[in-house]
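Residue numbers (the numbering used here): -13 to 240.
The structure appears below as structure tokens.
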């Protein structure tokens, strides 16, 4: 019998191996299809002209919080605990730092996302221009974010603490290393499992939503030389001179 199936009772194989690979395949193939079929729609479809007061605060909070959350996930999931310990960062120090910084980033992201969702629901002009893909993206993104914050709060803030790097991280790295270990995540708390599954769904929906604009970030502008604009000196307008009308010549008598 397959040792992976035996370790998970058979149920974990399709859920924690087949399902993530299917979502990753949809993620990759979907981006290729979207780029070839809908290059003009490869944007964030901004609605700044329709409303900018909520967007002015909600967008920076969401994007900055999202970047920090993604960076934290990359470190927590992709970097083994042995690497951070070799760098002189103990488990307790890592745990305190991750919870503190992750809480700040999560609050900023949730606040910004809440403002963006409220803006889209309460502003009639924006609500009428909502794309069907947005009706899938915003709830799915909200569920994924709230599940992640809930897992951190329940287990690591108000609970006794949970080392997800010994379970969820091992499963995550195994997926990309083509050596899946579903038994590593089956023992994780339910909130962590739900957060992982919702993240897989989010990756599968990614190429069909406005999230594709992440790959079109204007990074080149950071190294672009400055454009110097010089004001042209004002020249006085030419004065129109009045041209005298010639007098009619007298006719000769016949």
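No residue lacks a Cβ here, since even glycine has one placed at the ideal position from N, Cα and C.
This structure is a prediction, so every number in the text was calculated from the model and none was measured.
Do you know offhand how far residue -6's Cα is from residue 169's? The predicted model places residue -6 with a pLDDT of 49, which falls under 50 and marks its position as unreliable, so this point remains unresolved.
Check residue 95 in the structure and name its three-state DSSP category. helix
Taking only runs that begin and end inside the segment 136 to 186, name each unbroken alpha helix (DSSP H) of 4 or more residues, in chain order. 154 to 162
Do you know offhand how far residue 12's Cα is from residue 132's? 24 angstroms
Residue 158 burial status per 10 Å Cβ neighbour count (16 or more: buried): buried
Expressed to the nearest angstrom, what Euclidean distance is found between the alpha-carbon atoms of residue 6 and residue 107? 32 angstroms
For residue 194 and residue 188, I'd like the C-alpha separation in whole angstroms. 10 angstroms
For residue 189, which three-state DSSP category applies? helix
Leaving aside the five residues before and after residue 137 along the sequence, list all residues of the same chain whose C-beta is less than 6 angstroms from its C-beta, in chain order. 177, 178 and 181
If we ignore side chains and look at the alpha-carbon of each, how far apart do residue 117 and residue 30 end up? 11 angstroms
What is the DSSP secondary structure of residue 73, reduced to helix, strand or coil? coil
Selected residue, minimal CA-CA separation from residue 100, among 191, 8, 44 and 35: 44
By the 10 Å Cβ neighbour count, where 16 or more other Cβ atoms means buried, how is residue 146 classified, buried or exposed? exposed
Own chain, CB closer than 6 angstroms to residue 52, minus 5 neighbours either side, in chain order: 95
Answer yes if the segment 67 to 76 comes into contact with the segment 20 to 37, meaning at least three C-beta pairs across the two stretches below 8 angstroms, and no otherwise. no
Start and end residues, alpha helix (DSSP H) containing residue 47: 39 to 59
Beta-carbon separation (whole angstroms), residue 153 vs residue 171, contact threshold 8 angstroms: 6 angstroms
Continuous alpha helix (DSSP H) stretch holding residue 17: start and end: 5 to 23
Out of curiosity, what's the CA-to-CA distance linking residue 84 and residue 0? 31 angstroms
I need the straight-line Cα distance from residue 17 to residue 186, nearest angstrom please. 15 angstroms
Measure the CB-CB distance between residue 58 and residue 91 and report whether it falls below 8 angstroms. yes
According to DSSP, is residue 124 part of a helix, a strand, or is it coil? helix
CA-CA distance, residue 79 and residue 113? 45 angstroms
Rounded to whole angstroms, how far is the Cβ of residue 105 from the Cβ of residue 40, which I believe are closer than 8 angstroms? 4 angstroms
Excluding sequence positions up to five away, which residues of its chain have a Cβ less than 8 angstroms from the Cβ of residue 103? 124 and 128
From the DSSP output, in three-state form, read off residue 130 for me. helix
Could you spell out the range, first to last residue, of the alpha helix (DSSP H) harbouring residue 324? Since the first and last residues shown for the chain are -13 and 240, residue 324 lies out of range.
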